[in-house]
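Participant:
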Amino acid sequence: MTIAAYNPRHIPEGLTELSSLALDLRWSWHHGSDSLWRAIDEETWKATHNAWLVLNSVSGEWLDTLSNDETFLALYQRQVEAHRQFERTSTWYSDEYQGRLDKGVAFFCMEYGLSESLPLYSGGLGVLAGDYLKAASDLGVPVTAVGLLYQQGYFRQSVTAEGQQLEFYPYNDPSMLPLTPLTNDDEQWVRVIIPFPGRQVRLRAWKARVGHCDLLLLDSNDPRNEPGDRGITSELYSSNSEKRLQQEIVLGIGGWKLLRQLEITPSICHINEGHCAFALLERALDWQNEHATDFETARLATRATNLFTTHTSVAAGFDHFPPGLIRLYLTPWMNEYGFTMDQLMGLGSSSGEHSLRAGDEASINMALLALNMCGRINGVSNMHRKVTQTLLQPFFPRWPACDIPVESVTNGIHTPSWDSLESDALWTKACGQERWRRPLPSSCPLSDIPDSDLLSMRQAQRRRLVHYLRQRLASQHCEHTPGNNPDAACGLLLDNETLTLGFARRFTEYKRPDLLLSDPDRLLALLNNRDHPLQIVLAGKAHPKDECGKDLIRRWKAFSWLPGAEGKVVFIEDYDLGVAAQLIQGVDVWLNCPRHPWEACGTSGMKVLVNGGLNLSQYDGWWAEAWNDSVGWAIRPGATFEELSTSNSHDHSDALELYELLEKEIIPEFYQLDANGHPGRWIERIRSSMNGLTATYSANRMVREYVESFYLPMVELGNRRNPTSARDMVETYRDVSQMWRRLRFTSVEARQSNDEQTFFVDVYLDGIPEQLVAVELVAEASEFGPRETHMMTMNHPQVGSEHGYSYECSVPARPEGHYTPRIRLRDERLNLPLENTAVLWRN
Ligand SMILES: *Cc1c(COP(=O)(O)O)cnc(C)c1O
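When we follow this note's numbering, the leftmost residue of the sequence shown carries the number 893, and every step to the right adds one.
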C-alpha cells in the first residue's frame, strides 16, 4: 500500500516547509515558533498545542492568504532559518564524541510523554522517556526511540459532582497527531510482520521527529489484521495480562525487527523498564542467524551493549506472565529461530538454569529476562539502586546485597520543556541562550540577579497560575458544585499573593495523597489563617482498577466543599503534561510525600526548580540526594531504607512532621519580610535551590551520564566480542562451571603483627586458569570499620599439588573471624558478577 491517500493537505508554494516545521516536535519545548502557529490558527493552537493539527485544520484559502502576507512571511522565514540553523549547529556529542556511537542508540519504552498533543503516556515513566529523548536531541546523541502508537492511550479523566472519577478513551486519529507514516525508499509504508498463533500480525510503522532524534511507533490497527489483533495497541496499561503480553511482544520483537528492516544495527540497546525485554531476545536471535552461531554465543556477544534501566521499587512491579500464555504466543516466533521454551524459561523464569532460586513459581519475569540479557543494569537514584539490589537478591543468592551489580543514574527533567517565560528570561540573562544544550557552565551564578527580579518572577508565575486555574475550573463546570458557594468553586477566592502549595501525581496509596488530610482541622486552620493563609491545588488520576486511589480523590473533593476549604483547595481534572506545566511554573511549594522507600526517583519536584518553586518532600528518591537545609524541606531527613519496612507504620509521624514544617517553617518564612520589604529568607532559599539543583537534576546531566558512563564503555566492551571470541568465552565458562563445584579452600591462616594481620590462603582450583580467579578477603561493616574488600596476591603455585595456589594479603587488624575469604571470577572481558554469579565463600 502506498500512502498517497495519507498525504497532508496542499501547502502553497512559498510555505512548503511549514509541514516539516509542524512535524518536528521541537515546537513542544522550543517556543520560538509559537507565534507562527498562533498566526495560523490561534484557537486550535491554544486548545491543542499541536502544530500539525493547526496546519491541517485551516482552509486552503487561508493558507493562500498567509502566503501573500508580508508579516506572516517574515515570521515564517525566521522560523525556517532558525530550524536550518538548529540542524547545522554542532552539539555536545558532535564536539566530544562524534563517531563513537556511530550506529546509534536504540531506546525502548512502553510510553512516551513528549507533548500533551501526543497522548502516548500515562505518567512518570513516559514523561521521563520523553525528556530523555528531548535532551538527547539537544546534546546531539544519536538516539532512535521505539514505542507503541496507542489508538486511545491512557484514559482521560473527569470527576463528577460527587467526587467520582470517570474515565474516557477518546480516539487518537493518527492523521491529526504530529506523526507521519514511516516510508521506505520506494515510498511504501513500512510494515513489520510478526508470527502469532495461527496467524500473522501486521504492524504499521510511524515516525515522530523529536529534533535530532526519531521516535518510531508501531501500531496493530491494520484493517487486514483480525479484529482482536487490531486492538492490541488500543490502550496503555490495560490490566488484562494477555493484552499486556501481546503489547510487549509487539514492542520488543516488532520494534527490533523494525530497526533491522530499516537497516539500523544500533551500537547500544537501552531498555527503559523490563516491559521491553523481548527486544533483547530478538536482538540476540537475529545476531545468531546472521553469524551462524549458537544462542549462548549470541547472548554473550550482544548483551555487552544492552542496558537495562529499572524504575520499580517493589518486586510486584515487575511484569510476570504465566508459562501457558508465553508458550501460546511465543511458540510460532521461537520456532522460526529454533529457540525453545526451555531456553526461554531458563532465562526468564526464577526456576530456570540462569536463576538460582530453585523450586520457585515458573512464571516468566520480564525483569529477570532483562537481567539475563543485559550487560549493565541501573536504578534511577542512589536510594533506588540499593532498593533494586535487595529486589534482585534472589537472583544472586550467595552475594551480599551491596555486591549486586546494580548502578545508578538519577533521573532528570528536560529543563527547556518545564521553564516558564519569566524564568527563561531570567536564566537567559544569567547564562545565555543556549545554556540547556550544553553542560551548564559553572560560571553563571544567579547570585547576580537582584532579589526583586526573583520576586517579581515568582509573582508573575503565580498570577498566571491563578488565572489558568480559574479557566480550568470554569471548563470543569464549577458552577454545579455541591458546595454553597459557586464563586469559590470557580476559583474566584484564589489569591495572587497567597502561598500556593501544589500536589499532583498518580492517586495511589503509596503516594499518600491523603497525608495532608490526616488532621482536617489542622489543615483548615492553615487555610484560614487571616494573615498567613495557604491555598492548595491538586491534580491526579487513579488507575481505573484502583478503588483505593479513586477513594482518595473522593476524599479530597469532599474536603474541598467544606465551608473553611471552599475556594482554597481546588482539584484540576485530567492531569497531563499541559496541566503539569502550568502547576509546576506557578506553585511556591511542591509537595511529595510517598511512603518511603517506594519512590524510585520522582521527577515532578525537579520541574519546579528552574522556576524558583521549592520542594517539601519525603526524604526519598532524588530528594534524598538533593536535599539540604538551604534548598527546601524534607520529611524524616536521613531516613535509610534499611531501617524501614514497606508498612504504613510511619504514616502518622510523617503527617505530624509535615504539619510542623508547614506551621513552623514554611508559612512563616514565606510571609516574613526583611527591611527591604522582601521575604528575604524565602528568596535566599529560591536562589540556593535554583543555583544548586537545576542543572544537576536535568535530563541534560542524565543523558551525558548515560553516554559517558554507560554507552561509550559498553561499546568498547562489546567491540571485543565477535563470533570467535564470544564462542571462546562461552566454552571457557562452560568448563569453568564444571570445575567450579570442585573448588575448595585447602588452608587459611592469619598472623597478627601490631595492628596488621597477614592472611595466607591456599586454594584448589581444579584446572580453572589462575588468571580467571580472584581470591578476596571481605570484612563486613562493624564497630571496627566500614565494609572492606581486599584482593589477595597469588604468591606461588603450591609445590607438589596440581591446581593448588597460595595467596597472601595484609590487612588492618580486626578480631578473629571478621575477615572471610572468598573466591570469585575475574575477567575484564565480562561484567561480573552480572554475567557469571559464581562465588565460593570460606565459611
Ligand atoms: C512529571 C510528571 C509525572 C511524574 O511525577 P512523579 O513526581 O514522578 O510522580 C507524572 N505525570 C505527569 C503528567 C508529569 O508531568
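Built from N, CA and C at the ideal position, the CB exists for glycine as well.
CA-CA distance, R1152 and M1621?
Facilitator: 27 Å
Participant: Using CA coordinates, which residue listed in I1145, A1642, A1547, W1574 is at the minimum distance from V1481?
Facilitator: W1574
Participant: Inspect the beta-carbon positions of Y1046 and L1128 and report whether they are closer than 8 Å.
Facilitator: yes
Participant: Tell me whether the beta-carbon of L1192 lies closer than 8 Å to the beta-carbon of C1266.
Facilitator: no
Participant: For the stretch 1006-1014 and the stretch 1464-1474, state whether three or more C-beta atom pairs, one from each stretch, are separated by less than 8 Å.
Facilitator: The stretch 1006-1014, when compared against the stretch 1464-1474, does touch it at the 8 Å Cβ threshold.
Participant: Sorted by chain position, which residues of the same chain lie with C-beta nearer than 8 Å to D1345's C-beta, five sequence neighbours on each side aside?
Facilitator: L1318
Participant: For the stretch 1173-1185 and the stretch 1141-1148, state whether three or more C-beta atom pairs, one from each stretch, are separated by less than 8 Å.
Facilitator: yes
Participant: Does Y1004 pass the burial test, meaning 16 or more other C-beta atoms within 10 Å, or should it be called exposed?
Facilitator: Y1004 should be labelled buried.
Participant: Is any non-hydrogen atom of ligand 1 found closer than 7 Å to the C-beta of N1164, if you look at the structure I gave you?
Facilitator: no
Participant: Report the option in F1399, T1072, I1559, L913 whose CA atom is closest to the CA atom of W1448.
Facilitator: F1399
Participant: Under 7 Å from any heavy atom of ligand 3, does the C-beta of V1301 make it?
Facilitator: Although ligand 3 was asked about, the structure shown includes only ligand 1 as ligands.
Participant: Quick check: is any heavy atom of ligand 1 less than 7 Å from the C-beta of V1019?
Facilitator: yes
Participant: Taking the alpha helix (DSSP H) that A1705 falls in, what are its first and last residues?
Facilitator: Under the DSSP assignment, A1705 falls outside any alpha helix (DSSP H); it carries neither an H nor an E label.
Participant: Name the one or two DSSP bridge partners that W1761 has.
Facilitator: Given that the chain is displayed from residue 893 to residue 1735, the structure contains no residue 1761 and the question cannot be resolved.
Participant: By the DSSP assignment, the beta strand (DSSP E) with E1765 in it spans what residues?
Facilitator: Outside the displayed span of the chain (893 to 1735) sits residue 1765, for which this structure offers no information.
Participant: Keeping to the same chain, check which residues put their C-beta closer than 6 Å to that of T1588; ignore five residues upstream and five downstream.
Facilitator: none
Participant: Among Q1138, M1684, R1634, P1707, which one has its Cα closest to the Cα of F1651?
Facilitator: M1684
Participant: Can you tell me whether K1499 sits near ligand 1, meaning its C-beta is under 7 Å from at least one heavy atom of the ligand?
Facilitator: Checking every heavy atom of ligand 1 against the Cβ of K1499, one is found closer than 7 Å.
Participant: Go ahead and pull the three-state DSSP assignment for R918.
Facilitator: Of the three classes helix, strand and coil, the one that applies to R918 here is helix, per DSSP.
Participant: List the DSSP bridge partners of I1269.
Facilitator: F1200
Participant: In the DSSP assignment, find the alpha helix (DSSP H) that holds R1175 and state where it starts and stops.
Facilitator: 1170-1183
Participant: Can you tell which of N1723, L1150, S920 has the C-alpha that lies nearest to the C-alpha of H941?
Facilitator: S920
Participant: Using C-beta distances below 6 Å, list every residue in its chain close to S912, excluding the 5 sequence neighbours before and after it, in chain order.
Facilitator: none
Participant: Residues in the same chain with beta-carbon distance under 6 Å from S1645, minus the five sequence neighbours each way, listed in chain order, please.
Facilitator: none
Participant: Could you tell me which of Q1138, K1499, P1486, G1504 sits nearest to Y1511, measuring between CA atoms?
Facilitator: P1486
Participant: Specify whether the stretch 946-958 and the stretch 925-932 touch according to this definition: at least 3 beta carbon pairs, one from each stretch, less than 8 Å apart.
Facilitator: yes
Participant: Leaving out the 5 sequence neighbours to the left and right, which residues in its chain are closer than 7 Å to R1083 when beta-carbon positions are compared?
Facilitator: R1094, L1095, R1096, A1097
Participant: Taking 7 Å as the line, does the beta carbon of L917 fall inside it for any heavy atom of ligand 1?
Facilitator: Relative to ligand 1, even the nearest heavy atom lies 7 Å or more away from the CB of L917.
Participant: Please name the residue, chosen from L1717, E1680, G1032, L1357, that lies closest to V997 on a Cα-to-Cα basis.
Facilitator: G1032
Participant: Hey, could you find the ends of the beta strand (DSSP E) E834 is sitting in?
Facilitator: Here the chain comprises residues numbered 893 to 1735, so residue 834 is not present and cannot be evaluated.
Participant: Rounded C-beta distance between W1490 and S1300? I'm assuming under 8 Å.
Facilitator: In fact, because the Cβ distance is near 17 Å, the residues do not count as touching under 8 Å.
Participant: Cβ of V1655 within 8 Å of Cβ of F1676?
Facilitator: Here V1655 is not near F1676, since their CB atoms are 8 Å or more apart.
Participant: Is it the case that the CB of T1495 approaches a heavy atom of ligand 1 more closely than 7 Å?
Facilitator: Yes, Cβ of T1495 sits closer than 7 Å to a heavy atom of ligand 1.
Participant: Where do the N-terminal and C-terminal ends of the alpha helix (DSSP H) with E973 fall, by residue?
Facilitator: 962-980
Participant: Alpha carbon to alpha carbon, how far is G1103 from H1570?
Facilitator: 41 Å
Participant: Quick one: is the Cβ of A1526 within less than 7 Å of any heavy atom of ligand 1?
Facilitator: Not one heavy atom of ligand 1 lies closer than 7 Å to the C-beta of A1526.
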